[in-house]
Amino acid sequence: MSEPIFKKQNELAKLIDRHIGSDGVHETAIPSLFFIRQSNDIGPRHKVYKPSLCIVVQGAKENLLGQERFRYGPSDYLVTSVDLPVTGQIMEASSDVPYLALKLEFTPDQILEVLRESNIQAGPKENAKRGMFVSRIEAPLLDAVIRLASLLDKPEDIPVLVPLFTKEILYRVLQGHHGSVLKQTAIAGSSTNQVRDVIDYIMKNYEKSIRIEELAEIANMSESTLHRHFKEVTAMSPIQFQKQLRLQEARRLLLSDSTDATDVAFRVGYESPSQFSREYSRMFGFPPREDIKRLRNGSDQRVNG
Numbered sequence: 037m038s039e040p041i042f043k044k045q046n047e048l049a050k051l052i053d054r055h056i057g058s059d060g061v062h063e064t065a066i067p068s069l070f071f072i073r074q075s076n077d078i079g080p081r082h083k084v085y086k087p088s089l090c091i092v093v094q095g096a097k098e099n100l101l102g103q104e105r106f107r108y109g110p111s112d113y114l115v116t117s118v119d120l121p122v123t124g125q126i127m128e129a130s131s132d133v134p135y136l137a138l139k140l141e142f143t144p145d146q147i148l149e150v151l152r153e154s155n156i157q158a159g160p161k162e163n164a165k166r167g168m169f170v171s172r173i174e175a176p177l178l179d180a181v182i183r184l185a186s187l188l189d190k191p192e193d194i195p196v197l198v199p200l201f202t203k204e205i206l207y208r209v210l211q212g213h214h215g216s217v218l219k220q221t222a223i224a225g226s227s228t229n230q231v232r233d234v235i236d237y238i239m240k241n242y243e244k245s246i247r248i249e250e251l252a253e254i255a256n257m258s259e260s261t262l263h264r265h266f267k268e269v270t271a272m273s274p275i276q277f278q279k280q281l282r283l284q285e286a287r288r289l290l291l292s293d294s295t296d297a298t299d300v301a302f303r304v305g306y307e308s309p310s311q312f313s314r315e316y317s318r319m320f321g322f323p324p325r326e327d328i329k330r331l332r333n334g335s336d337q338r339v340n341g
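To convert, count from 1 in the sequence shown and add 36; that's the working numbering.
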């Protein structure tokens, strides 16, 4: 990491630390901007990542998407271009040097707006690419992020300047090595855009029985083509994607309600409680009842978040 970028990272780390005094994921006064702080290794967390930019300014993190690992730290940034069920784990954190990061969520419409207003060429429709990537961070992007986060010290400027700084941030990402991934997400009729339509449908109907023929019709693709493009974007099949959503929601329900595991299994779409228990154990490491007991007793903090 170059000296100028190192100084900017320190500036951003101090800004984040000043605005949050405790561990966790913190909303800010800036819409779609979140600060994250963690002073210890809390084990894997399972959640759905929305389209977003994540920057670590202190520590390191690793995300597991399907069987593919994405590790990133202060010299990198991570982008998620579509909704993706991910298992994330903080790899470097301590009470003396806590993990510090920020996340800025965005929408495909915001990407499309930047493409329309800039001289960045959308380019031809391309084959689908992985919906998550890590790139080396550069000074112009970091400068824009610092300007955005610094608006928390001048809240009266937030309504006017947040849209401008957010556009600049997305513009810098679009100019980066993997910018074409975001472009294709926003271009109507591209295979990535069609896969996004299928992801949106599964997200809204994860508890239902979904046929691949139905999904192929939504994407306007053949079944084999959809399967290939969907796996390229998400690193998993549509059925595996749906299963991750079901199990994440099941865990959330079990933690938030005093609900029986069998009832939760039916609520998230399983017809067989024994199959639910097997797949739950495979994903979270313990059967539902034991897993929730551990979480509630505080001996294991692997919660959604």
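Where is the CB? At the ideal position from N, CA and C, for every residue including glycine.
Original post:
Nearest to residue 118 by CA position, among 222, 248, 298 and 151, is which residue?
Top reply: 222
Subject >> Whole-angstrom distance between residue 201 and residue 335, CA atom to CA atom >> reply: Note that residue 335 scores a pLDDT of 47, beneath 50, so its modelled location is shaky and nothing firm can be said.
Original post:
Under 7 Å, do residue 242 and residue 280 count as touching if we go by C-beta distance?
Top reply: no
**OP:** In the DSSP assignment, find the beta strand (DSSP E) that holds residue 112 and state where it starts and stops.
**Re:** 112–116
Original post:
Since residue 231 contacts residue 269 with CB under 8 Å, what's their CB separation in whole angstroms?
Top reply: 5 Å
Original post:
For residue 91, which three-state DSSP category applies?
Top reply: strand
**OP:** Under 7 Å Cβ to Cβ from residue 207, same chain only, skipping five residues before and after it: list those, please.
**Re:** 150 and 154
Original post:
By a C-beta neighbour count over all protein chains shown, 10 Å radius and 16 as the cutoff for buried, is residue 143 buried or exposed?
Top reply: exposed
**OP:** Only counting runs of 4 or more residues, tell me where the alpha helix (DSSP H) segments fall wholly within the region 120–182, in order along the chain.
**Re:** 144–153
**OP:** Give a yes or no on whether the C-beta atoms belonging to residue 273 and residue 267 are separated by under 7 Å.
**Re:** yes
**OP:** Rank 327, 246 and 296 by C-alpha distance to the C-alpha of residue 305 and give the top, closest one.
**Re:** 246
**OP:** Can you say whether residue 112 is buried or exposed, counting buried as having 16 or more other CB atoms within 10 angstroms of its CB?
**Re:** buried
Original post:
Hey, how far is the Cα of residue 337 from the Cα of residue 130?
Top reply: Low local confidence applies: a pLDDT of 43 at residue 337 is under 50, so the model's placement there is unreliable, with the coordinate-based value given in what follows. Taking the straight line from one Cα to the other gives about 16 Å.
Subject >> Cut-off 6 Å between Cβ atoms - residues of its own chain near residue 104, not counting five sequence neighbours on either side >> reply: 271
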